[in-house]
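Going line by line, the protein sequences match chains H and R.
Every number in our numbering is 2 more than the matching position in the first sequence, counting from 1.
Every number in our numbering is 2 more than the matching position in the second sequence, counting from 1.
Working notes for the structure below.
Number of protein chains: 2
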Amino acid sequence: MALDYSQERIEHPLRVCASCAVRNRAVCTTLETGELAELASITRHVVFNPGQIIVAEAENKEIVGTIIRGVVKLTKALADGREQIVGLLFPSDFIGRAREGQSQVFGEAVTEVEVCMFNASRFRHLIDKYPSLKGALYDRALNEVDAAREWMVLLGRKNAEEKIATFLLMLAKRSQAQRGAGDDDEAPIAFSLPMSRADIADYLGLTIETVSRQITKFKTSGAIRMLSGRDILVPDLERLEYLASGE
Amino acid sequence: MALDYSQERIEHPLRVCASCAVRNRAVCTTLETGELAELASITRHVVFNPGQIIVAEAENKEIVGTIIRGVVKLTKALADGREQIVGLLFPSDFIGRAREGQSQVFGEAVTEVEVCMFNASRFRHLIDKYPSLKGALYDRALNEVDAAREWMVLLGRKNAEEKIATFLLMLAKRSQAQRGAGDDDEAPIAFSLPMSRADIADYLGLTIETVSRQITKFKTSGAIRMLSGRDILVPDLERLEYLASGE
DNA sequence: CGCGGTGTTGAAGGCATTCAATTGTTGTGG
DNA sequence: CCACAACAATTGAATGCCTTCAACACCGCG
């Protein structure tokens, strides 16, 4: 939970954009070549280890950038320690607050995470300079609102079985979307859980034990197959969709 | 639940801005006089009755505007009818999607609601024309993200007592914020519930009965006093804050 | 006065939690 | 390479909170 940057590794950003894995999905997609160079000049790549705090606005640890690799969890906590994950960030997602203001959300690396980090104040200048950039950020904010509201339905109205099914479905679809053109669309979907049972519980508003029990239930019912503790195989996506909302 | 506009009442918008109750709080606050006139020219005021659907993007009932008066609930539903309120809109709040795109959220008038409605496509032109307008909308979107995440903590991690206390606290603070300069700051806070028990339940991820029971508990414990079924008096705000998160 | 809608209250049951113990996994040093 | 510690995950049993089902009270209104 240390807030220092001791573990960061800095790399050269300038020539990286061309070969960037998320170049055509991140906010910088909207920028022209010249504009991109301008952004690249205020950029540096940083790698965080699992468990490291990336964003903690209340503690002045303010970061603005794009996730290149890994998974970040956004959490909010109550005074007595109860925690709720309010969002997950994946590669190409924007992290940080583009406009100033506190929000009491913590961002913590779940896996090893690589961030293409922008200088915050200069980035805010660029937002005002390039309307398309502001538009891209605005679109992302609207998508975040949608995602948050979708999750509110899950938290408020779904039972444990539906919650787990919805969570697995989300990961399965994400994995499916990343398939190449040559891959077999009919093949069972495989992916690995990016997080621990504790994190899943905090994401779904459940306890660790309930998460474990429900996963076991899916395993024995054949809805999923587990290759290891973290690697999951979904033989029938529709069956999972069926379980995810109401059956 | 009818989707027609039969009940709307149209008024003159052009001269209304100057005396508008939310003029200095709505998105249009950022606009200069000339720009405001341009916005006013694509504006008309519409009044909705309780229960009327205001926004249903999936059914092409797309509205963009500012709430002038009343309360709107934003809901999402599961296939089997379970419902979750994912947001409440109050006067000065922006309603609708400034940028195109579906989102399967319904907006329904809870009380009688007056909306300062903009022509959607023309409004989108104005957004591109005036960066400050886009910025104001962006800020609002970020605030919505914050509010949604705050509510995710409530839905996922708070128990019934804390949920009700948090809800009442929100209304109490809203009421307190609207006090004039001459009002007594020490006086107990009074407000009336804008919605039914069923709506409160859908907002908090509870059932009607649990809502009723918890309110009764607060009533008998003295945390609140009820003047009628809808009118509430909070003698001690701190006590409510105490109940709202963890006691 | 009766009716429909809304809200309250009671009793019983179920689902998720809590508490507790065991098993499995991972990484590290002997 | 194995033993061991530390952590993560599973499984069991009991409790409790919220829900469900049901009946009744309240209230505005024709």
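Heads up, the beta-carbon is just placed ideally off N, CA and C, and yes, glycines get one too.
Model, not experiment: these values are computed from the prediction.
Once you ignore the five residues that flank residue i on each side, which residues in its own chain have a CB closer than 6 Å to its CB?
{"i": "R/Tyr205", "result": "Ile87"}
{"i": "H/Ser8", "result": "With a pLDDT of 43 at H/Ser8, under the threshold of 50, the predicted position of this residue should be treated as unreliable, though the coordinate-derived value follows. For H/Ser8, where only same-chain residues beyond five positions count, there are no Cβ hits under 6 Å."}
{"i": "H/Pro237", "result": "Pro190"}
{"i": "R/Glu110", "result": "Ile55 and Lys75"}
{"i": "R/Asn161", "result": "none"}
{"i": "R/Lys221", "result": "Met228"}
{"i": "H/Asp233", "result": "Ser194"}
{"i": "H/Met197", "result": "Val112"}
{"i": "H/Ile210", "result": "Arg199, Ala200 and Ala203"}
{"i": "R/Arg142", "result": "Phe96"}
Which same chain residues, not among the five before or five after residue i, have their C-beta less than 8 Å away from its C-beta?
{"i": "H/Leu5", "result": "Note that H/Leu5 has pLDDT 40, beneath the 50 cutoff, so the model's placement of it is unreliable and the number below is only indicative. Excluding sequence neighbours, H/Leu5 sits near Ile55, Ala58, Glu61 and Lys63."}
{"i": "R/Leu41", "result": "Cys30, Leu33, Phe120, Phe125 and Leu128"}
{"i": "R/Arg176", "result": "Phe92 and Phe193"}
{"i": "R/Ala122", "result": "Glu64, Ile65, Val66 and Gly98"}
Thinking C-alpha only, which one of the options is nearest residue i?
{"i": "R/Arg241", "options": "R/Ser198, R/Ala122, R/Glu163 and R/Val213", "result": "R/Glu163"}
{"i": "R/Val49", "options": "R/Leu33, R/Ala246, R/Asp95 and R/Thr113", "result": "R/Thr113"}
{"i": "H/Phe92", "options": "H/Arg101, H/Ile69 and H/Leu139", "result": "H/Ile69"}
{"i": "R/Ser253", "options": "R/Tyr140, R/Ser230, R/Phe125 and R/Val18", "result": "Because residue 253 of chain R is not part of the residues shown, which for chain R are 3 to 249, the question remains open."}
{"i": "R/Val73", "options": "R/Ala28, R/Gly53 and R/Glu211", "result": "R/Gly53"}
{"i": "H/Arg99", "options": "R/Gly98, R/Tyr140 and R/Asn26", "result": "R/Tyr140"}
{"i": "R/Ala203", "options": "R/Leu135, R/Lys165, R/Ser177 and R/Asp233", "result": "R/Lys165"}
{"i": "H/Gly83", "options": "R/Val66, R/Arg159, R/Ala138 and R/Val18", "result": "R/Arg159"}
{"i": "R/Ala246", "options": "R/Asp201, R/Asp186, R/Ile210 and R/Trp153", "result": "R/Trp153"}
{"i": "R/Gly137", "options": "R/Ala28, R/Ser21 and R/Cys19", "result": "R/Ala28"}
Less than 8 Å between the C-beta atoms of residue i and residue j, yes or no?
{"i": "R/Leu208", "j": "H/Gly207", "result": "no"}
{"i": "R/Leu76", "j": "R/Val107", "result": "yes"}
{"i": "H/Leu80", "j": "R/Gly248", "result": "yes"}
{"i": "R/Lys78", "j": "H/Val147", "result": "no"}
{"i": "H/Val213", "j": "H/Arg199", "result": "yes"}
{"i": "H/Gly103", "j": "H/Ala150", "result": "no"}
{"i": "H/Leu235", "j": "H/Ala192", "result": "yes"}
{"i": "H/Leu135", "j": "R/Arg101", "result": "no"}
{"i": "H/Leu239", "j": "H/Ala174", "result": "yes"}
{"i": "H/Ile44", "j": "H/Ile65", "result": "no"}
Apart from the five residues just before and just after residue i, which ones in its own chain have a Cβ nearer than 7 Å to its Cβ?
{"i": "H/Val24", "result": "Thr68, Ile70, Pro93 and Ser94"}
{"i": "H/Met3", "result": "Residue confidence is low: H/Met3 scores 40 on pLDDT, short of 50, so the model does not pin down where it sits. Its coordinate-derived value is still stated next. Within the same chain, H/Met3 has close Cβ partners Ile55."}
{"i": "H/Ser105", "result": "Glu59 and Arg99"}
{"i": "H/Glu85", "result": "Thr77, Ala79 and Asp204"}
{"i": "R/Glu243", "result": "Leu171"}
{"i": "H/Cys19", "result": "Arg25, Leu38 and Ala42"}
Just to confirm, does residue i get its C-beta within under 7 Å of one of the non-hydrogen atoms of the ligand GTP?
{"i": "R/Cys22", "result": "Here there are no bound small molecules, and the ligand GTP is not part of this structure."}
Since residue i sits in a beta bridge, which residues does DSSP pair it with?
{"i": "H/Phe92", "result": "DSSP output for H/Phe92 lists no bridge partner at all."}
{"i": "R/Phe120", "result": "R/Thr45 and R/Val66"}
{"i": "H/Arg71", "result": "H/Glu116"}
{"i": "R/Thr77", "result": "R/Ile87 and R/Phe108"}
{"i": "H/Val236", "result": "H/Ile191"}
{"i": "H/Arg199", "result": "Per DSSP, none; premise fails for H/Arg199."}
{"i": "R/Val18", "result": "Paired residue(s): none; R/Val18 is not in a bridge."}
{"i": "H/Ala183", "result": "Answer by DSSP bridge pairing: none, since H/Ala183 is not bridged."}
{"i": "R/Arg58", "result": "Here the sequence assigns Ala to residue 58 of chain R, which means Arg is not the residue at that position. DSSP lists R/Lys63 and R/Phe108 as partners of R/Ala58."}
{"i": "R/Met228", "result": "R/Ile234"}
{"i": "R/Ile97", "result": "R/Gly67"}
{"i": "R/Phe2", "result": "Since the displayed chain R opens at 3 and closes at 249, residue 2 of chain R lies outside it and no answer follows."}
field: Contact the region 166–175 of chain H vs the region 207–224 of chain H: 3+ CB pairs below 8 Å
entry: yes
- prompt: Is it a yes or a no for the region 131–139 of chain H touching the region 32–39 of chain H, going by three-plus beta-carbon pairs under 8 Å?
  reply: yes
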